Amino acid sequence: MEQDIAGTIMFDGVQAQKGYALNRMCFSFNSAANRAAFLADEDGYCRKFGLNTEQCAAVKSRDVLRMIETGGNVYYLAKLAGIFGLNVQDIGAQQTGTTVDEFKAKLAGAGR
Amino acid sequence: MARIIGGVATTHVPSIGKAIAEKKQNDPYWKPFFRGFDYVHYWLAREKPDVAVVFYNDHGLNFFLDKLPTFAVGAANEYRNEDEGWGIPVSRAIAGDPALSWHLINALVADEFDITMCQDMLVDHAVTIPMALMWPGEKWPVKIVPISINTVQHPLPSLARCLKLGRSIGRAIESYPHDLRVMIVGTGGLSHQLDGKRAGFINKEFDQFCMDKLVGEPETLARYSIHDWVEEAGAQGVEFLNWMAMRGALTGNVSEVHRNYHIPISNTAAATVVLENHEIPQRRAA
């Protein structure tokens, strides 16, 4: 049996099934009209795509770790994060419990 | 006969698209990455490829998780880009070469690669950004055959399988009875992880090892499991599958003529390499 990799949830069949509705909603955000519809009524939009209670709460609180635990895939979640004006450094900082500046400094530090 | 001139591998981070649109190539943050393309431009101007076979991974533009092929080969006259949802400008379309696509498709299936065939296929930033980096001008002087590899939903194809896929493509190109100069492109990577508490993971030592081995000993890399690759290169570092397929398609004597490596671009260790492919003389004669 392979050891889990700390801080990493493999997006496998288990996660893909759990997160299907959430990822399908995020896939819809390729369309500007859908992004606007989401912003106009977030809860209604989440319900329309059949997100469960936990996923709705994670979206409402912008909690990326929770979205990933409930089956979100980061490539799809990035489309959602974009609606809130968050880039991958912002969500990286949020997931690692640091400030965005600290997160950027960590990235830069990896090059030294 | 068609000839494989070499390969280019490059990072395809979406924010590069924004930097190009905002003309930030000479900003201190971006310059160490963009200047790595000066040699690529020189090499492309000298080598004048007619076609690029592009190995990439789709991030949820053409494919969704409802039907996700492990390997998909484009067979369209034209490949369009569309809104990807994260605010990068929509790219111009890219011309296809359906005759070459079908030749590759026929050869791959005969070689027991049961690929998905796509006569209508959107291509995302993982194709359009490398194109814009390689040819920053008004026109893209090559046609493409895009080949998508699943790097999103596990189980992913193994590194060994992607190397073999590339080799099969390389043999197919060499058997194509038209005088075309073909380049191979592999996009994505190198080490990075966007998701989870391990977000921001970068592994410079492993990246250097990968680029070193890629040239002459890709089999060493092909022995890694996907699980171990995620551990060494991060969850999205598995985009290296595209690099492996690119390397596989270089069937001759391979040499690295250019390498640029810079940390970070966005959350990623950014890398650009140019590999030349020199025909092994006795093979043609035999």
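Line by line, the protein sequences are chains A and B.
Per our numbering, residue 24 is the first one in the first sequence, and the count goes up by one each step.
Per our numbering, residue 1355 is the first one in the second sequence, and the count goes up by one each step.
For glycine and all other residues, C-beta sits at the position ideal for the given N, C-alpha and C.
Only a predicted model underlies this, so the values are computations on that prediction, with no experimental measurement involved.
Environment of residue i [buried if 16+ CB atoms lie within 10 Å]
| i | result |
| --- | --- |
| residue 93 (chain A) | buried |
| residue 1473 (chain B) | exposed |
| residue 1640 (chain B) | Reliability of the predicted coordinates at residue 1640 (chain B) is poor, the pLDDT of 48 falling under 50, and no value is obtained from them. |
| residue 1546 (chain B) | buried |
| residue 1644 (chain B) | Residue numbering for chain B in the displayed model covers 1355 to 1640; residue 1644 (chain B) lies beyond these limits and cannot be assessed. |
| residue 128 (chain A) | exposed |
| residue 1552 (chain B) | buried |
| residue 1590 (chain B) | buried |
| residue 1444 (chain B) | exposed |
| residue 1614 (chain B) | buried |
| residue 1377 (chain B) | exposed |
| residue 1451 (chain B) | buried |
| residue 1586 (chain B) | buried |
| residue 1572 (chain B) | buried |
| residue 1632 (chain B) | exposed |
| residue 83 (chain A) | exposed |
| residue 34 (chain A) | buried |
| residue 1593 (chain B) | buried |
| residue 1421 (chain B) | exposed |
| residue 1416 (chain B) | buried |
| residue 1491 (chain B) | exposed |
| residue 1375 (chain B) | exposed |
| residue 56 (chain A) | exposed |
| residue 32 (chain A) | buried |
| residue 1455 (chain B) | buried |
| residue 76 (chain A) | exposed |
| residue 1541 (chain B) | buried |
Nearest-angstrom Cα separation, counted from residue j out to residue i
| i | j | result |
| --- | --- | --- |
| residue 30 (chain A) | residue 1584 (chain B) | 11 Å |
| residue 163 (chain A) | residue 28 (chain A) | Outside the shown range of chain A, which is 24 to 135, sits residue 163 (chain A), and nothing can be said about it. |
| residue 121 (chain A) | residue 1448 (chain B) | 41 Å |
| residue 116 (chain A) | residue 1533 (chain B) | 51 Å |
| residue 49 (chain A) | residue 1634 (chain B) | 49 Å |
| residue 81 (chain A) | residue 1548 (chain B) | 18 Å |
| residue 63 (chain A) | residue 1512 (chain B) | 43 Å |
| residue 58 (chain A) | residue 101 (chain A) | 13 Å |
| residue 1468 (chain B) | residue 1462 (chain B) | 7 Å |
| residue 1560 (chain B) | residue 66 (chain A) | 44 Å |
| residue 41 (chain A) | residue 1489 (chain B) | 41 Å |
| residue 1453 (chain B) | residue 131 (chain A) | 45 Å |
| residue 1599 (chain B) | residue 1385 (chain B) | 29 Å |
| residue 114 (chain A) | residue 1380 (chain B) | 27 Å |
| residue 1530 (chain B) | residue 1356 (chain B) | 6 Å |
| residue 47 (chain A) | residue 99 (chain A) | 8 Å |
| residue 1411 (chain B) | residue 1480 (chain B) | 7 Å |
| residue 118 (chain A) | residue 1514 (chain B) | 33 Å |
| residue 1597 (chain B) | residue 110 (chain A) | 26 Å |
| residue 1414 (chain B) | residue 1438 (chain B) | 8 Å |
| residue 1442 (chain B) | residue 1366 (chain B) | 12 Å |
| residue 1446 (chain B) | residue 1636 (chain B) | 42 Å |
| residue 134 (chain A) | residue 1440 (chain B) | 26 Å |
| residue 108 (chain A) | residue 91 (chain A) | 19 Å |
| residue 1373 (chain B) | residue 1577 (chain B) | 36 Å |
| residue 112 (chain A) | residue 1616 (chain B) | 17 Å |
| residue 69 (chain A) | residue 36 (chain A) | 22 Å |
| residue 1424 (chain B) | residue 1523 (chain B) | 16 Å |
| residue 25 (chain A) | residue 1526 (chain B) | 37 Å |
| residue 97 (chain A) | residue 85 (chain A) | 13 Å |
| residue 95 (chain A) | residue 126 (chain A) | 22 Å |
| residue 1398 (chain B) | residue 1519 (chain B) | 25 Å |
| residue 1471 (chain B) | residue 1630 (chain B) | 29 Å |
| residue 1383 (chain B) | residue 1368 (chain B) | 15 Å |
Heavy atom of the ligand SAM within 7 Å of residue i beta-carbon
| i | result |
| --- | --- |
| residue 110 (chain A) | Questions concerning the ligand SAM fall outside what the structure shown contains, since it holds no ligand whatsoever. |
Whole-number beta carbon distance between residue j and residue i, since they are thought to touch under 8 Å
| i | j | result |
| --- | --- | --- |
| residue 22 (chain A) | residue 1507 (chain B) | In the structure displayed, chain A extends from 24 to 135; residue 22 (chain A) sits before or after that span and is not available. |
| residue 74 (chain A) | residue 44 (chain A) | 5 Å |
| residue 1528 (chain B) | residue 1605 (chain B) | 6 Å |
| residue 1370 (chain B) | residue 1487 (chain B) | 7 Å |
| residue 1517 (chain B) | residue 1570 (chain B) | Not quite, the Cβ-Cβ distance comes to about 13 Å (not below 8 Å), so this is no contact. |
| residue 1581 (chain B) | residue 1394 (chain B) | Between residue 1394 (chain B) and residue 1581 (chain B) the Cβ distance is about 33 Å, and since that is not below 8 Å, they are no contact. |
Pairing CB atoms from the region 1537-1546 of chain B with CB atoms from the region 1357-1364 of chain B, are three or more of them under 8 Å?
-> yes
Would you check if there are 3 or more beta carbon pairs closer than 8 Å linking the region 1485-1503 of chain B to the region 1397-1405 of chain B?
-> With the cut-off at 8 Å, the region 1485-1503 of chain B and the region 1397-1405 of chain B touch.
Three or more beta-carbon pairs under 8 Å between the region 1498-1507 of chain B and the region 1463-1482 of chain B, yes or no?
-> yes
Every unbroken alpha helix (DSSP H) within the region 1549-1632 of chain B, with a cutoff of 4 residues, ordered by chain = Fully enclosed alpha helix (DSSP H) runs of 4 or longer: 1558-1570, 1572-1576, 1580-1587 and 1594-1602.
Between the region 1615-1623 of chain B and the region 1554-1570 of chain B, do at least 3 Cβ pairs fall closer than 8 Å?
-> yes
Touch test, the region 1384-1398 of chain B against the region 1430-1449 of chain B, Cβ-Cβ under 8 Å, three pairs minimum = At 8 Å Cβ cutoff, the stretches do not touch.
Identify every run of the alpha helix (DSSP H) within the region 1356-1426 of chain B, keeping only runs that are complete inside it and at least 4 residues long; order them along the chain.
-> 1368-1375, 1385-1388 and 1392-1401
Counting only runs that start and end within the region 94-124 of chain A, where is the beta strand (DSSP E) found for 3 or more residues in a row?
-> none
4 or more residues per run - each alpha helix (DSSP H) lying fully within the region 50-101 of chain A = 55-63, 65-71, 76-83 and 87-92
Would you mind listing the beta strand (DSSP E) stretches within the region 1451-1493 of chain B that are 3+ residues and don't spill past its ends, in chain order?
-> 1470-1472
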